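> Sequential numbering from 115 applies to the sequence shown in this note's numbering.
In this text, a Cβ means the ideal position worked out from N, Cα and C, and glycines have one as well.
Only a predicted model underlies this, so the values are computations on that prediction, with no experimental measurement involved.
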Amino acid sequence: MTRTVYVNGEYLPETEAKVSIFDRGFLFADAVYEVTSVLDGKLIDFEGHAVRLKRSLDELEMAEPCTKDELLEIHRKLVELNGIEEGLVYLQVSRGSDGDRDFVFPPADTKPSLVLFTQNKPGLANSPAAQKGAKIISIEDIRWGRRDIKTVQLLYPSMGKMMAKKAGCDDAWMIEDGYVTEGTSNNAYFVKDGKIVTRPLSNDILHGITRKAVLRMAAEAQMEVEERLFTIDEAKAADEAFTTSASAFVMPVVEIDGVALGDGTPGPIAKRLREIYLDESRKAAV
Ligand code: PLP
Numbered sequence: 115m116t117r118t119v120y121v122n123g124e125y126l127p128e129t130e131a132k133v134s135i136f137d138r139g140f141l142f143a144d145a146v147y148e149v150t151s152v153l154d155g156k157l158i159d160f161e162g163h164a165v166r167l168k169r170s171l172d173e174l175e176m177a178e179p180c181t182k183d184e185l186l187e188i189h190r191k192l193v194e195l196n197g198i199e200e201g202l203v204y205l206q207v208s209r210g211s212d213g214d215r216d217f218v219f220p221p222a223d224t225k226p227s228l229v230l231f232t233q234n235k236p237g238l239a240n241s242p243a244a245q246k247g248a249k250i251i252s253i254e255d256i257r258w259g260r261r262d263i264k265t266v267q268l269l270y271p272s273m274g275k276m277m278a279k280k281a282g283c284d285d286a287w288m289i290e291d292g293y294v295t296e297g298t299s300n301n302a303y304f305v306k307d308g309k310i311v312t313r314p315l316s317n318d319i320l321h322g323i324t325r326k327a328v329l330r331m332a333a334e335a336q337m338e339v340e341e342r343l344f345t346i347d348e349a350k351a352a353d354e355a356f357t358t359s360a361s362a363f364v365m366p367v368v369e370i371d372g373v374a375l376g377d378g379t380p381g382p383i384a385k386r387l388r389e390i391y392l393d394e395s396r397k398a399a400v
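1) From the DSSP output, in three-state form, read off Val-133 for me.
2) Taking contact to mean 3 or more Cβ pairs, one atom from each stretch, closer than 8 angstroms, check whether the region 386-398 and the region 266-285 are in contact.
3) Reducing DSSP to helix, strand and coil, say where Ser-211 ends up.
4) Should Asn-234 be counted as a contact of the ligand PLP given a C-beta to heavy atom distance under 6 angstroms?
5) Excluding the 5 residues flanking Glu-148 on each side, which residues of the same chain have their C-beta closer than 6 angstroms to its C-beta?
6) With distance defined between alpha-carbon atoms, name the residue in Val-339, Ile-370, Ser-211 and Cys-283 nearest to Leu-387.
7) Using 8 angstroms as the cut-off, can you tell me whether the region 236-244 makes contact with the region 193-210, which would need three or more C-beta pairs spanning the two stretches below that distance?
8) Can we say the region 241-253 touches the region 127-134, given the rule of at least three CB pairs closer than 8 angstroms?
9) Do Tyr-391 and Val-364 have their C-beta atoms within less than 7 angstroms of each other?
10) Skipping 5 residues on each side, what residues in its chain have a beta carbon closer than 6 angstroms to that of Trp-287?
11) Ignore the nearest five residues each way along the sequence and tell me which others in Ala-281's own chain have a CB closer than 8 angstroms to its CB.
12) Quick check on the DSSP output: the alpha helix (DSSP H) that includes Ser-286 runs from which residue to which?
13) Quick one, which of Ala-177, Leu-192 and Ser-170 has its alpha-carbon nearest Ser-151's?
14) On a CA-only basis, which of Asp-255, Lys-326 and Ser-316 is nearest Gly-292? Give me that one, please.
15) Using DSSP with H/G/I as helix, E/B as strand and the rest coil, what is Thr-357?
16) Should Ile-379 be listed as close to the ligand PLP, given that the test is whether its C-beta is under 6 angstroms from any heavy atom?
17) Select from Lys-350, Leu-343, Leu-171 and Leu-141 the residue whose C-alpha is nearest the C-alpha of Arg-260.
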């Protein structure tokens with residue numbers, strides 16, 4: 115079925131939506147994005163994504179394409195037009211183009227490009243992948259130094275996923291200066307003796323919307339959380355591990371670099387946090 119997508123003020127069939135070849139998102143990866151999950155036809159943590167989008171735009175001195183209320187309306191309309199019950203809404207804002215390729219930013223009044231589309235994913239919440247748990251490999255983190263800004267420079271994370279696939283695994287965690295930064299498209303955690311450990315926020319990692327919600331829910335459930343740097347060896351010696359992201363929620367990790375964690379099946383804390391997260395997020399969805 116042909117999707118209806120949104121491009122710069124218009125709702126169009128996906129085959130008719132167009133962006134200039136001079137668009138800086140295309141030529142320079144000069145664009146930021148957000149991915150918001152849809153469950154029961156409603157948006158999960160729209161507010162969190164809108165706030166982070168604004169921060170990404172501000173950090174890059176990029177104009178806001180529209181107001182938060184307008185963004186919400188576009189999200190909702192696309193979900194409705196495409197009949198999405200479970201799935202994702204992808205949003206991208208680029209610095210646009212003034213009609214040529216130039217390293218220098220175009221004039222400040224150049225209109226940003228705003229593109230949104232949906233992805234239908236029935237069974238997203240009850241994913242078999244989450245029941246099995248993910249096998250991960252570790253790779254070097256060679257990304258740029260502003261990973262807190264959610265840019266579309268995703269070539270290395272994409273290569274990381276391919277390295278994992280070639281190794282017969284599901285995903286990769288990245289390591290810089292001896293410490294785990296994050297997964298290719300998720301934040302990373304391990305659990306030892308009941309304590310959840312994850313890297314603190316800085317420019318080195320994306321400030322995950324799911325991370326924020328899950329850490330709050332873990333604290334509310336009286337779970338112990340420590341935010342500190344950690345090595346891959348600590349994670350390999352852990353009782354369990356997991357990742358968080360808006361599109362996969364809480365994903366148990368069952369193997370790191372060929373070493374099984376615990377009994378090699380999803381751990382109780384990851385499973386519990388996934389349940390709590392899905393439950394609470396559905397209740398708060400808009
Ligand atoms: N870290 C990276 C590098 C990501 O790409 C993502 C999501 O795309 C995350 C973490 C998780 O962020 P969120 O929970 O906001 O989806």
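The answer reads as follows:
1) Three-state result, Val-133: coil.
2) no
3) coil
4) no
5) His-163, Leu-167 and Leu-205
6) Val-339
7) yes
8) no
9) yes
10) The residues are Ile-250, Ser-252, Val-294, Gly-297 and Ala-302.
11) Ile-251
12) Residue 286 is actually Ala in this sequence, not Ser. Under the DSSP assignment, Ala-286 falls outside any alpha helix (DSSP H), being part of the beta strand (DSSP E) whose first and last residues are 285-290.
13) When only C-alpha atoms are compared, the closest one is Leu-192.
14) Residue Asp-255 holds the alpha-carbon nearest to the alpha-carbon of Gly-292 among Asp-255, Lys-326 and Ser-316.
15) Secondary structure at Thr-357: strand, using DSSP grouped into helix, strand and coil.
16) Contrary to the premise, residue 379 reads as Thr rather than Ile in this sequence. No - the ligand PLP has no heavy atom lying nearer than 6 angstroms to the Cβ of Thr-379.
17) Leu-171
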